[in-house]
Structures are given as structure tokens and as C-alpha cells.
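A short worksheet on the structure shown next.
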Amino acid sequence: MTTTTTLVSPKQAARAIGVSESSLKRWCDGGLLQMTRTAGGHRKIAIGEVIRFANQNGASLVAPEEFSLSITRENPASRIADSHLRLAEALLTGSESAARQILLDLFLANHSLSTLCDDVIAPAFREIGDRWSCGSANVYQERRGCEIILWILHELRRVIPPVEPGRLALGGAISGDLYEIPSAVAELVLRSLGYDAQNLGTSIPLSELARAIHDLQPQLFWLSVSHVCDETRFVEDFSELSSACSAVGASLVVGGRALNEDLRRRLTYSAYCDTMKHLENFAEDLSRRSPKRNPNARGRRARRRNLRHAIQPNALRRNRAN
Ligand code: B12
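0 is the number of the first residue of the sequence shown in the numbering used here; add one for each residue after it.
Here you go:
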């Protein structure tokens, strides 16, 4: 699902961080705050950009209600330690507003999305899983908790700054893997780094993922593996994905609880990530090393490659494969 980034006017942004509208417009025009202009020439700023600017310049969000985020701030920076327990409680009781408040407060206090996932969301679900296994939580509570988190992740997607085309990242989960949260978070983490990251969803055959890589030619592809139905088949099919990535020069990043050491040894990929922080580090490093691609060049590159392939003599093709 795609959601558009929420943009606000300089007036709203100025009120939210307690500065004058004229200063804010000056910072926009001077390039300190990224903005876009409407067809009528009016400045618009992404909420996430305002938050980034405030955090980096020692300002604070004095009127978050300007962003209609329905949040209340309460000394969030010091609360990361126990927030996974508070989040687990909110999810188990079905309190969407409490869950949203916990995560948005932490986000507004400048905690990265990778931290939110590694230190709050994943431990909260571990807590829920533990409570379920000792009989103190029900399946419906766990499922409802997943739904709530997915809604909040969609909301966070709206407040991070808009991404620019040129650094495409794609990802998803394989056939039979129904875990939605890891891939949704991977998408957000990469978007927060400026990647045009697009989550393809869960339970997708590897051949389809390979087709998407071939058609769209991303710089990075993440594969989320939380459940593997048939390991032998997975290893066989995975090679198609690796080949698709190397054909277009994409880095293949894998992660997820089902990728044990034995399985990983049988796969070829660019990086394995235990956590979202690892993904963030890898992606940051990749964007430093490789330039943005011109999105219009994709079709040209593909046509050139197809042409090269078509004129290659069969014998030469066989030798290369050996
Ligand atoms: C929610 C949940 C489900 C939901 C998911 C719903 C949804 N809409 O997403 C559903 C109902 C589908 C489900 C089903 C099953 N589940 Co379940 N589930 C969970 C639960 C409670 C949370 C998992 C989760 O999403 N966590 C949030 C993510 C973000 O955290 P994480 O997985 O720990 O990921 C971390 C890292 O691994 C890494 N990471 C993960 N993926 C990726 C990907 C990339 C690219 C990167 C970089 C990093 C990365 O980042 C995270 C840290 O920040 C866990 C309990 C637990 N202990 O976690 C059980 C749990 C994982 N499930 C379990 C089981 C057994 C199952 C089933 C097999 C049950 C069954 N018999 O049907 C099925 C399998 C379903 C399938 N075919 O996919 C067991 C697994 C036991 C094991 N040893 O493997 C657990 C541990 C519960 C338990 N205590 O027994 N489950």
C-alpha cells in the first residue's frame, strides 16, 4: 500500500516548533529545511523534515497538535528502557492510541526507526509471544496487536520526509511467510535514509520477486525470512533471486528469524542482518559508495543488457556460465 507523505504549511510548521513564520520561510529558502512547492507556488514541508530540523537545531516540538498527530509528550527520551513493556501492554489491551503515543513520542524524541523496531517493537512482540505460551495472552490479542502496529507504521510512513527517486529499494517476504511487520519496518528504515523503498508484501514466490528485480532494477533488495515452509525448495529458488540481483547490480540483503546458520551457508547474498540497525548501517554505507541512479536510465540499461545478451554467441555464453 502506498501512502502520501503529509505536508504542512510554513505557518503550521512554525507554530509546531515555536518560531516565527518568517524565520521558517527564510530557512526553507536558504535550503536548511527541505520543502516542495504546490502548483500555485506555496511552500510545503514534510512533517518528518520539520521534526528532523527541530531535533538537529535544539528546537522542540511545542505544539504537535499542529500536525494532527494526536500525541502527548511526556519526557520520552528517558523512557526507551521500559517502553517495550508498555507497548506490549497497550497492544494486548487493544489500546491503539496508547501504542501510537509510545511510538510517536519516541520517534519525535529522535529515536531512529531501527531503534524503535529493535528495542521496542520486536521485544514487545517477544513479550506477547511469551505471555501467549504461558497462557496469559490469547491469539486474538496477538493478532489485534499486529494490526495496530501495522496501522502505526503506515502513519509513520506519512511523517518521514518524502523520498527522491534514484535510490530504489525493493523487498518482501517469500511464499508461505505471513509475517508482515519485519518487511514493513525494513521499508520504513530505508525510506528514512532517503531510499525510494517499496515493500512488495508477504508470501510472494521467489520467481515473482526475481521478476520485480528484473523489471524495476533496484539498488538494494531486502528479503525478509521469518518462516520457511520447505528449506530445500527455498535454497533452490533463492539462486534465482541472487542471479536477478547480480544481473542488475543490486545488493541483496537478507534478514529474519528463520535464517539459521545452516541455511545461510547455503545461500549467496550481499549481507545478512540480525537487526534493523544492521540494515540501516549497510544501506547508509551503500549510499555513500554508490551514486544515485537516473530512474529514466533503467529502461535504457535493460535494453542495452538484453541486446548484449542477444548478440552473444552461444558458445561464449556457455563458457561464461562454467
Ligand atoms: C505475530 C506473530 C505471528 C503472526 C504474524 C502476523 C502478521 N500479520 O505479521 C502469525 C499469526 C502469522 C504467526 C504465525 C505463525 N507463528 Co508466529 N509469532 C508471532 C510473534 C508474536 C511476533 C513476530 C513478529 O512479527 N515480531 C516483530 C519482528 C519485527 O521481530 P522479529 O521477528 O524478532 O525480527 C527481528 C530480527 O529477526 C530482525 N529481522 C526480522 N526480519 C528481518 C528482515 C530483514 C530484511 C532484516 C534486515 C532484519 C529482520 O529485525 C527484528 C529486530 O528488530 C512471535 C513471537 C516472538 N517471540 O517474536 C511468534 C513466533 C515467531 N511464531 C511462532 C510460530 C511457531 C508460528 C507458526 C509456525 C504457528 C503455527 N503453527 O501455525 C506460524 C507460521 C506462520 C507462517 N507461515 O509464516 C514461534 C516461532 C518458534 C520458532 N522457534 O521458530 C514464535 C516465536 C512464537 C512462540 N513463542 O512459539 N505468528
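Think of the CB as a built atom: it goes at the ideal place given N, C-alpha and C, for glycine as much as any other residue.
Note that the structure is predicted; figures quoted are calculated from it, not measured.
The secondary-structure analysis by DSSP pairs Cys272 across a beta bridge with Gly254. Gly17 has its Cβ no nearer than 6 Å to any heavy atom of ligand 1. Taking 4 residues as the shortest admissible run, the stretch 180 to 259 contains the following complete alpha helix (DSSP H) segments, listed from N- to C-terminal end: 180 to 191, 205 to 215 and 230 to 247. Segment contact: the stretch 137 to 153 against the stretch 176 to 190, three or more CB-CB distances shorter than 8 Å; contact assigned.
Nearest C-alpha to Arg292 among Leu84, Glu230 and Gln218: Gln218. Rounded to the nearest angstrom, the gap between the Cα atoms of Ile101 and Ser82 is 7 Å.
The residue among Cys272, Thr37 and Arg78 with its C-alpha nearest the C-alpha of Asp104 is Arg78. A direct Cα-Cα distance of roughly 52 Å separates Glu239 from Arg14. In the three-state reduction of the DSSP assignment, Ala45 falls in the strand class. The beta carbon of Gly255 sits closer than 7 Å to those of Pro181, Ser223, Val224 and Ser225, all from its chain and outside the five residues before and after it, given in chain order. If you draw a straight line from the Cα of Cys228 to the Cα of Pro290, it comes to about 38 Å. For a cut-off of 8 Å, the C-beta gap from Ala80 to Ala89 is around 16 Å, too long to register as a contact. Ligand 1 has a heavy atom closer than 6 Å to the beta-carbon of Pro181. 7 Å or more divides the Cβ of Pro160 from the Cβ of Asp195. Between Pro204 and Tyr139, the alpha-carbon positions lie close to 28 Å from each other. A direct Cα-to-Cα measurement between Asn56 and Phe106 gives close to 16 Å. Gly170 carries a strand assignment under DSSP once its states are collapsed to helix, strand and coil. Cβ-Cβ distances below 6 Å link Gln197 to Leu169 in the same chain, with the five nearest sequence neighbours on each side left out; the list follows chain order. Under the DSSP assignment, Ala121 falls in the alpha helix (DSSP H) whose first and last residues are Ala121 to Ser132. Taken through DSSP and simplified to helix, strand or coil, Val7 comes out as strand.
A distance below 6 Å between beta-carbons, with the five flanking residues on each side excluded, links Phe233 to the following residues of its chain, in chain order: Val227. Under the three-state reduction of DSSP, Arg36 is assigned to strand. Boundaries for Phe66: no alpha helix (DSSP H) harbours it, and the DSSP string shows neither H nor E there.
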